[in-house]
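Working notes, beginning with the structure itself.
In the numbering used here, the protein residues as written are 63 to 599.
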């Protein structure tokens, strides 16, 4: 009997202790109906990342601006935020996180974990004294004891900071209008806090575990933003690692056009492997051709697209007739842009775009789309050539490929301005290209001659762009910086040496980078996951 009684007492005490356990994470001191939250997962991780950035910008022109920013920040805070030990010396636990929570009415509170309350209060006094808020008093609001720092402005007093403590945590608010939200946060129970809110747990789970800084918004509570894109952002995160800067975001799928909401039910064709190794920028897209056709058939789009064929039945009408072109597309697209020479790039850096022919001879563009019935596409273009004879300069020729006899059909369209666009048909691929020598570039890329652009990407970018995503974009910034460094002052024209200095600075910044890769992935039909990676040298 005694043993049974002891067991029940042990269970009861465990339950009581569990129920009375105080908050252990900042989100346990935030109401579940917060509209926005942002913060750091661990302060020491962010501090080390900032220190790495300082080392990267230790020399060159960028170092001047970076060091000046750090110096001003140190003066404001009273210590170096890039040093985790200094956080602890000022009473803040660097191994914990910090969270900024905002209500639907834009009331704001900052929650952080302490390593010593007395040290923290002294650090606050020191920092606020530098800002002219040297007076301190204690008062009670809504059952919460507040430490209030204020500035004496002669006949009146202005409150600068409100601080409440609960367990090992401090809650801070900077305005009188934030005090009610601060007091409510200080009273919230961990079991009924943001940490248990379904919307927060769900969106944070999609971002992954590597985040250092994060942002999340409550779709049911956030006020409508002036910029529509902000209404679509459910969550975002940022991580600063030695090998790169990683960015993730969760967007509402309503921000995507309907023809891009293809989900995961359809495998992606890696057409980026048909782009040449000298490609500087590439994009891949997976779409639903039938949904795109429905959008093009809308009255609004018909009116806009009809302007392309002024003066009688034109090329667009011929290609679109009978829905033939879109009906045979497979739904995969890859686009690439590269440089044939740096002279046009030099003029572009100098802001001189008066000679479009020079730019056209310096840049090339190549795109590929998969087709389900190549013979129907070939017949469509052949009919367009004969039907538009005398109306539109559309020519057809056959280009032999260096692979044992296969050929590529090239349909060339010349504009009144003299620019030429080439439509290509090879195997089950339909291509389009423009720029000097683009048909030769396309032929070599189709055969895989000299490799493809994926072999020149960093491993992380190659992995990201190779996934079963909706769309992806890669900019080879390091390679672009190398090409910018080849620009000579003479190609820049008047004032070229001044622009050469700017080009040198741009080349130096880009030289420290590898690739910028961004991919969109439709996760569940309701949201889109955006992953961005900036890889560093």
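By construction, the Cβ of each residue, glycine as well, lies at the ideal position given by its N, Cα and C atoms.
These numbers were taken from a predicted model, which means no experiment stands behind them.
- Inclusion of residue 224 and residue 175 in the CB contact set at 8 Å is not warranted, their separation being larger than that value.
- For residue 88, the closest alpha carbon among the candidates 548, 248, 492 is that of 248.
- Ranking 93, 504, 333, 501 by CA distance to the CA of residue 253 puts 93 first.
- Between residue 581 and residue 534, the gap from beta carbon to beta carbon is short of 8 Å.
- Restricting attention to 464, 85, 445, the CA atom closest to the CA of residue 250 is found in 85.
- Contact between the region 179 to 192 and the region 96 to 107 is not established, with fewer than three Cβ pairs separated by less than 8 Å.
- Taking all protein chains in view, the Cβ of residue 531 is crowded by 16 or more other Cβ atoms within 10 Å, so the residue is classified as buried.
- In the three-state reduction of the DSSP assignment, residue 529 falls in the coil class, being assigned neither a helical nor a strand state.
- Contact check for residue 473 and residue 427: beta-carbon distance about 16 Å, past the 8 Å limit, so the pair fails to qualify.
- When rounded, the separation of the alpha-carbon atoms in residue 169 and residue 280 is 15 Å.
- Residues of the same chain with a CB within less than 6 Å of the CB of residue 520, apart from the 5 flanking positions on each side, are 576, 577, 597 in chain order.
- Leaving aside the five residues that flank residue 430 on each side, the residues in its chain whose CB is nearer than 6 Å to its CB run, in chain order, 333, 336, 396, 491, 493.
- Per DSSP, reduced to three states, the secondary structure at residue 540 is helical.
- Ranked by Cα distance from residue 197, the options 464, 227, 108, 211 are led by 211.
- Non-local beta-carbon contacts of residue 111 in its own chain, meaning distances under 7 Å to residues more than five positions away in sequence, involve 274, 302 in chain order.
- Secondary structure at residue 86: coil, using DSSP grouped into helix, strand and coil.
- Between the C-alpha atoms of residue 276 and residue 167 there is a straight-line separation of about 21 Å.
- Shown here for residue 595: same chain residues with a beta carbon closer than 7 Å to its own, the five before and five after excluded, namely 306, 308, 522, 523, 526, 579 in chain order.
- The C-alpha of residue 185 lies about 25 Å from the C-alpha of residue 242.
- Only buried fits residue 391, as 16 or more other CB atoms lie within 10 angstroms of its CB.
- Between residue 150 and residue 156, the C-beta gap is smaller than 8 Å, which places the two residues in contact.
- When only Cα atoms are considered, residue 233 and residue 172 end up about 6 Å apart.
- Counting every other CB atom within 10 Å of its CB across the protein chains shown gives residue 319 a total below 16, marking it as exposed.
- Classified as buried, residue 572 has 16 or more neighbouring CB atoms from the shown chains inside 10 Å of its CB.
- When the beta-carbon positions are compared, residue 109 and residue 146 come within less than 8 Å of each other.
- DSSP, read as helix, strand or coil, puts residue 460 in strand.
- In the three-state scheme derived from DSSP, where H, G and I count as helix and E and B as strand, residue 131 is classed as helix.
- Under the three-state reduction of DSSP output, residue 547 falls in the coil class, being neither helix nor strand.
- If you check the CB distance, residue 486 and residue 495 come in under 8 Å.
- Going by DSSP, residue 170 is part of the beta strand (DSSP E) stretching over 170 to 175.
- With contacts defined by Cβ atoms closer than 8 Å, residue 310 and residue 265 do not form a contacting pair.
- With 16 or more other Cβ atoms inside 10 Å of its own Cβ, residue 536 counts as buried.
- Per DSSP, the beta-bridge partners of residue 580 are 535, 594.
- Rounded to the nearest angstrom, the gap between the Cα atoms of residue 344 and residue 489 is 22 Å.
- Taking each of 160, 135, 471, 153 in turn and checking the Cα distance to residue 105, the smallest one comes out for 160.
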